[in-house]
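Down below is the structure, laid out as structure tokens.
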Amino acid sequence: MSDAEETLGGARPDPSTDASKDPEQWVTGDEPMTGPQRSYLDTLAREAGEELSADLTKAEASEHIDRLQQQTGRGTDSSGS
1 MSDAEETLGG ARPDPSTDAS KDPEQWVTGD EPMTGPQRSY LDTLAREAGE
51 ELSADLTKAE ASEHIDRLQQ QTGRGTDSSG S
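Read in order, the letters of the sequence shown are residues 1 to 81 in the UniProt record's numbering.
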């Protein structure tokens, strides 16, 4: 038997590193996209004139959201940078 006991949780993650985690590395990334993701992705896709599958995972939806935000200019700061 190992000296290390299995645990859940732990130290609070550093938000500056957690937020930039690749969606493919998310623990829940393969779950269906959330309602808010679906709604926002629908808005972005319409603005971009794209059709996307309605059965995306959380990770796939996040990647499409990031891409479409860049394409449509939504979700970017207003400083012009």
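The beta carbon of each residue, even a glycine, is placed where N, CA and C say it ideally should be.
Throw me the rounded Cβ distance for the residue i and residue j pair, which I believe falls under 8 Å.
{"i": "Leu68", "j": "Ala48", "result": "5 Å"}
{"i": "Ala61", "j": "Leu41", "result": "6 Å"}
Return the residue from the list the options that minimises the CA-CA distance to residue i.
{"i": "Gln25", "options": "Gly73, Thr57, Gly75 and Ile65", "result": "Thr57"}
{"i": "Ser39", "options": "Gln70, Leu52, Thr28 and Gly29", "result": "Leu52"}
Output the distance between the C-alpha atoms of residue i and residue j, rounded to the nearest integer angstrom.
{"i": "Ala59", "j": "Met33", "result": "8 Å"}
{"i": "Asp22", "j": "His64", "result": "13 Å"}
{"i": "residue 119", "j": "Glu6", "result": "No statement about residue 119 is possible, as the shown extent of the chain runs from 1 to 81 and does not include it."}
{"i": "Gly29", "j": "Gln70", "result": "21 Å"}
{"i": "Gln37", "j": "Thr72", "result": "16 Å"}
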